[in-house]
Ligand SMILES: Nc1ncnc2c1ncn2[C@@H]1O[C@H](COP(=O)(O)OP(=O)(O)O)[C@@H](O)[C@H]1O
Ligand SMILES: [Mg+2]
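Protein chains in written order, with this note's numbering: chain A, 1 to 79; chain B, 1001 to 1079; chain C, 2001 to 2232; chain D, 3001 to 3726.
Right, dumping it as structure tokens:
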């Protein structure tokens, strides 16, 4: 079973990387980019076959390791 | 208009970070994680209001900067 | 010999590289700002320094490779000019399409700063001609994303065309796994372009180019450049 | 959007203001402060900004000397190094943020101290970090170590300053409060130092750098505000560092300063805009009027309170010469940095803050810092410890292997290899030796840097512990061949409202003061971090000392590694003091007895002797003795040289006291002619004796010994073992 985890910075947390990308896009001539935020996507290949359990397991992985819940939010999708 | 860009490593490209995460998950007691691949998600806040044009613009940004198309695939979703 | 060092915001070895070039050539290296559209006239060597251009954000070297000055650097290279990229400069050259392969996160996932042994794999280049039969040299590394990754076909081509300039080796000159600090394919630390006029390398020759700092193996690279141009 | 809450004593209490402090505000203003004003007072009067508990004691420290150009009070201390140049340095803690979010906490700590240094007009040339973590087996420790080290490296490496030294220690007393003390030093022309005092009325106050967000606004104070949008996620108060912006800020500031446009400058650190604007006005004897509508904001709908208290990083405030505005703007544009004129200086002694057409604060500026509370807190002297009882002997070689492989004494290469310690290409002596040595760029001179403190000594005997921290720094500098110049201190303690803790602070400051006078190393800057406790458990008193020394020539550098066949001579006297020693703690789990006494006059004589021996060409190597005493020092020299060593036993002292006692004021020197060294020592009134000789592949302590390779394995792998990597 494949799970996809999204990890994004919480609102209000500075994203220097996103800001640098926004600036670079402007320099390259892409107008009208008001904001850029960068996050991670982590694709998990799980042995679990029950989607409910797989989702719970992925969420537990986020809490324990994948996400820094002080500054990041996460969400899990079962593919 | 918001666009979300996914950037993932092409199949076959080594992913040391994904490997390290898989290993760390194992150490933490999460069994049955057969593979982990890490990618990026970039959220763009675009002035463009036409979804077709916005999608095309985001794809152009990927080609020009956001993705390294030698080793990475990208996909764009309009939110 | 007239040399220039490209300065991006976030470059931080620009001065160090200029010092080494100036020392080897006896002529002050020029600093060129990334927003400039053109290179100074009459240049022999363009050097792209280490550091964290644009914070290393997105991908190391990606944003810098698309800076205005890089168009001129690419043209300069296409005309056969000498281009040296060190550390972040190597990443920039790859992102700019001037050298093949990719540099990825170190296998340890950690930043690593220490001396390494390098084998000089070819002296047939303007960057390495002065190493003579000195095969194993000591030069420091300092990077987070230095794992050189290439597919089998590229590796075969690099080997076949004698384009691997440096490999990470042990003290006996063997490219063993323990000597590989970052997980690079085939222990590759530096590669040459097909015309042998572009060199990208992760180790920092400019940091051990002065005996007062504990070694001068790096200085030989800059002497090589000086030699190459004197001959030409 | 938040609705401003009513200001009353309860809200003041939630801002950390005591009832008497709130009353002081009411008396000063003759009215109730506005919400924004309350925020400003709480920022200015908290322990961090006002030093209200420590000021009385800090005043007793020696801060002057012919070498001191600027002592404490500015962003960093400034010390003359000759030839028209100066070294600018300071150390600062980022303890609590690092415990909450180790990577960002440590990273922003490094960013803050670098800003302090370049705000003075100095280009940073060296950084150090002094780290204290909980017990290695505590569940949080590894994550904190990994995060803090990555954060220190992540910021410093990108910024491009070599991180050349520091300390790492582990003790259960730090389980709930790790310490991250960051040091930075920079180089400037002695006549081109920039200060924070504003001058001239009507001068533009310019904001430069990153945009303002709600970073760091929060905790207790945000909890008091009502959110009108109930669904909004709870905002994190963690500050995120952006070393890339800091690097651009550095370059832009140095260019601006060189252009002559900067009249005064202050970085925005804790309580950002509030502290920096008030400080500039206060020092310059001027008022300041701010227009918050002009402040570049990163987030929507920020109110005055949030903007005044935001701790967003990588921001500067400066008073610019208005005739140079175009020049300044060109520099900001070159580096793509946001800037804005956010106010101006005024003649009246007022601090005016306007936002959205409203006057949000109108305060007497001078009184904001001038009338800050100051406490002479009750304190108790730390009682004298019981003498150390009998301790079983342990085989010396076994003890050595255990010590050298322990988390507290093993190689720190795991840490400093994650730091770029060579960028700028002037690092002459890298981490892993005594003090690090960095060449003054383009000259033959060099500066040496060290960071030291032994908290277990400070806990047992604060006065001797305070002295010892300075003495060890003095020794590390001397062992590298440097002449000690000056000192910065970072005083980390528990809750000062407890007399026993206050007594630790008082004792340590007394010891530090005495040592700085005796060793001629005045304190030129520093920082205090109090309330480092959890559930009533305080950290060990940890007054970290950062010290800087000068080498007139690189020929003065003394290596740590002797050559094969060299004799080892022990300088200084050995009584076999095992109380509070590393040996007692690591091998017996006992923290007993008194800390070793420090003979300051003896320290000075021994340090001067080592430097003189080098000048006379009599020694090949030197290393100071500290944790683990003679045995550990000899082993470290052997490992550095890659050569074995045999150290003889003493006829009268037991093996443990002789090999592992921690008597102070001692060095090991390597030499070809031991008699000449001993004679020179005797002329200088310092005791010295040959104790060993370099050679072979074994480290021998008296009759017992261990193969150099085994010792190396224990020492080299210790940190990775502790981290569970091997
Ligand atoms: N956090 C750190 N960062 C960089 N270097 C460090 C750190 N901790 C220790 N070191 C270096 O490791 C070496 C040994 O440290 P330490 O045992 O504290 O030295 P000493 O006993 O001489 O004071 C020193 O060179 C020191 O600067
Ligand atoms: Mg030492």
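Glycine included, each C-beta is placed from N, C-alpha and C at the ideal position. Note that the structure is predicted; figures quoted are calculated from it, not measured.
Q.
Under DSSP, the beta strand (DSSP E) around residue 3265 (chain D) begins and ends at which residues?
A. In this chain, the beta strand (DSSP E) harbouring residue 3265 (chain D) covers 3262-3267.
Q: Would you decide whether residue 3219 (chain D) is buried or exposed? Buried here means 16 or more other CB atoms lie within 10 Å of its CB.
A: Because the pLDDT of residue 3219 (chain D) is 45, which lies under 50, any placement of that residue in the model is unreliable, and the question is left without a value.
Q | residue 2134 (chain C), buried or exposed, once every other Cβ within 10 Å from all chains shown has been counted against 16 | A | Exposed, since its Cβ has fewer than 16 Cβ neighbours within 10 Å.
(Q) Any heavy atom of ligand 1 closer than 7 Å to the beta-carbon of residue 3434 (chain D)? (A) Correct: residue 3434 (chain D) has its Cβ closer than 7 Å to ligand 1.
Q) Thinking C-beta only, is residue 3458 (chain D) closer than 8 Å to residue 3541 (chain D)? A) In contact: residue 3541 (chain D) and residue 3458 (chain D) (Cβ atoms closer than 8 Å).
Q | Cβ pair count under 8 Å reaching 3, the region 3518-3535 of chain D against the region 3042-3054 of chain D | A | When C-beta atoms of the region 3518-3535 of chain D are compared with those of the region 3042-3054 of chain D, three or more pairs fall below 8 Å, so the two segments count as touching.
Q.
Nearer than 7 Å: is that true of the beta carbon of residue 3407 (chain D) relative to any heavy atom of ligand 3?
A. As far as ligands go, the structure on display features ligand 1 and ligand 2 and does not contain ligand 3.
Q) Comparing alpha-carbon positions, which option in B:1065, B:1030, B:1076 lies nearest residue 61 (chain A)? A) Answer by Cα proximity: B:1030.
Q: For residue 2193 (chain C), verify whether its CB is less than 7 Å away from any heavy atom of ligand 1.
A: No, the beta carbon of residue 2193 (chain C) sits no closer than 7 Å to any heavy atom of ligand 1.
Q: Can you tell me the Cβ-Cβ gap for residue 3094 (chain D) and residue 3182 (chain D), rounded? I've got them flagged as a contact below 8 Å.
A: Taking 8 Å as the upper bound for CB-CB distance, residue 3094 (chain D) and residue 3182 (chain D) are in contact here, some 7 Å apart.
Q.
Looking at chain D, is there any beta carbon in it that lies within less than 8 Å of the beta carbon of residue 2057 (chain C)?
A. For residue 2057 (chain C), the answer is yes, since a Cβ of chain D falls inside 8 Å of its Cβ.
Q | Inter-residue Cα distance where the pair is residue 3337 (chain D) and residue 3425 (chain D) | A | Near 28 Å, if we compare the C-alpha coordinates of residue 3425 (chain D) and residue 3337 (chain D).
Q) Using a C-beta cutoff of 8 Å, does residue 13 (chain A) count as contacting chain D? A) Yes, residue 13 (chain A) lies at the interface with chain D (some Cβ there is under 8 Å from its Cβ).
Q) Just by C-beta distance, which residues in the region 2184-2216 of chain C are closer than 9 Å to chain D? A) Within the region 2184-2216 of chain C, the qualifying residues are 2204, 2206, 2207, 2208, 2209, 2210, 2212, 2213, 2214.
Q | CB contact below 8 Å: residue 1078 (chain B) versus chain A | A | No - not a single Cβ of chain A is within 8 Å of the one on residue 1078 (chain B).
(Q) So residue 1016 (chain B) contacts chain C; which residues on that side make the cut at Cβ distance below 8 Å? (A) Residues of chain C passing the Cβ test: 2104, 2105, 2106, 2107, 2109, 2147, 2183.
Q.
Does the region 3187-3196 of chain D come into contact with the region 3115-3133 of chain D, if we say contact requires no fewer than three beta-carbon pairs (one atom in each stretch) closer than 8 Å?
A. Segment contact: the region 3187-3196 of chain D against the region 3115-3133 of chain D, three or more CB-CB distances shorter than 8 Å; contact assigned.
Q.
On the CB-based measure, 16 or more other CB atoms within 10 Å of its CB, does residue 2191 (chain C) come out buried or exposed?
A. Around the CB of residue 2191 (chain C), 16 or more other CB atoms lie within 10 Å, so the residue is classed as buried.
Q) Taking 8 Å as the CB-CB cut-off, is residue 75 (chain A) touching chain D? A) Residue contact with chain D for residue 75 (chain A): absent (no Cβ-Cβ distance below 8 Å to any residue of chain D).
Q. Should residue 3714 (chain D) and residue 3401 (chain D) be called a contact, given that it needs their Cβ atoms to be closer than 8 Å?
A. Against a cut-off of 8 Å, the Cβ pair of residue 3401 (chain D) and residue 3714 (chain D) comes out as a contact.
**Q.** Contact list for the region 15-43 of chain A against chain C, Cβ threshold 8 Å
**A.** So the close ones are 16, 17, 20, 21, 24, 27, 28, 38.
Q. So with Cβ pairs under 8 Å, would you call residue 70 (chain A) a contact of chain D?
A. With 8 Å as the cut-off, residue 70 (chain A) counts as an interface residue toward chain D.
Q: State the DSSP-derived secondary structure class of residue 3233 (chain D), mapped to helix, strand or coil.
A: Low local confidence applies: a pLDDT of 46 at residue 3233 (chain D) is under 50, so the model's placement there is unreliable, with the coordinate-based value given in what follows. In the three-state reduction of the DSSP assignment, residue 3233 (chain D) falls in the coil class, being assigned neither a helical nor a strand state.
Q. From this set, D:3289, D:3581, D:3084, which residue's C-alpha is nearest residue 3347 (chain D)'s C-alpha?
A. Comparing Cα positions, the closest option is D:3289.
**Q.** Beta-carbon proximity list for residue 3709 (chain D), same chain, < 8 Å, skipping 5 on both sides
**A.** Non-local C-beta neighbours of residue 3709 (chain D) in its own chain, meaning closer than 8 Å and more than five positions away in sequence, comprise 3697, ordered along the chain.
Q) Using the beta-carbon of each residue, which ones in chain B are nearer than 9 Å to residue 2027 (chain C)? A) In chain order: nothing, as chain B lies at least about 36 Å away.
Q. Looking at the C-beta of residue 1065 (chain B), does it have a partner C-beta in chain C at a distance below 8 Å?
A. So yes, residue 1065 (chain B) belongs to the interface.
**Q.** Per-residue contacts from residue 2012 (chain C) into chain D (C-beta, under 9 Å)
**A.** Under the 9 Å cutoff, chain D gives 3157, 3158, 3159, 3160, 3161, 3247, 3420, 3423, 3424.
Q. Roughly how many angstroms lie between the CA atoms of residue 3227 (chain D) and residue 27 (chain A), to the nearest whole one?
A. Note that residue 3227 (chain D) has pLDDT 39, beneath the 50 cutoff, so the model's placement of it is unreliable and the number below is only indicative. For residue 3227 (chain D) and residue 27 (chain A), the distance between alpha carbons rounds to 38 Å.
Q) Between residue 3538 (chain D) and residue 3507 (chain D), what straight-line distance do the alpha-carbon atoms span, to the nearest angstrom? A) The C-alpha of residue 3507 (chain D) is placed about 16 Å away from the C-alpha of residue 3538 (chain D).
Q) Does residue 1050 (chain B) get closer than 8 Å to chain A when you measure Cβ to Cβ? A) Taking 8 Å as the threshold, the shortest C-beta distance from residue 1050 (chain B) to chain A does not fall below it.
**Q.** 8 Å Cβ cutoff met for residue 3184 (chain D) and residue 3035 (chain D)
**A.** For residue 3184 (chain D) and residue 3035 (chain D), no; Cβs fall outside 8 Å.
(Q) For residue 3026 (chain D), count the other beta carbons within 10 Å of its own beta carbon; 16 or more makes it buried, fewer makes it exposed. Which is it? (A) Under a 10 Å Cβ-count criterion, residue 3026 (chain D) is classified as exposed, with fewer than 16 other Cβ atoms of the shown protein chains found around its own Cβ.
(Q) So that I know if they touch, is there some Cβ in chain B lying closer than 8 Å to that of residue 59 (chain A)? (A) With its beta carbon at least 8 Å from every one in chain B, residue 59 (chain A) lies outside the interface.
Q | residue 35 (chain A) vs residue 8 (chain A) beta-carbon contact at 8 Å | A | Taking C-beta atoms as the reference points, residue 35 (chain A) and residue 8 (chain A) fail to come closer than 8 Å.
Q) Would you say the beta carbon of residue 3472 (chain D) comes nearer than 7 Å to a heavy atom of ligand 1? A) Yes.
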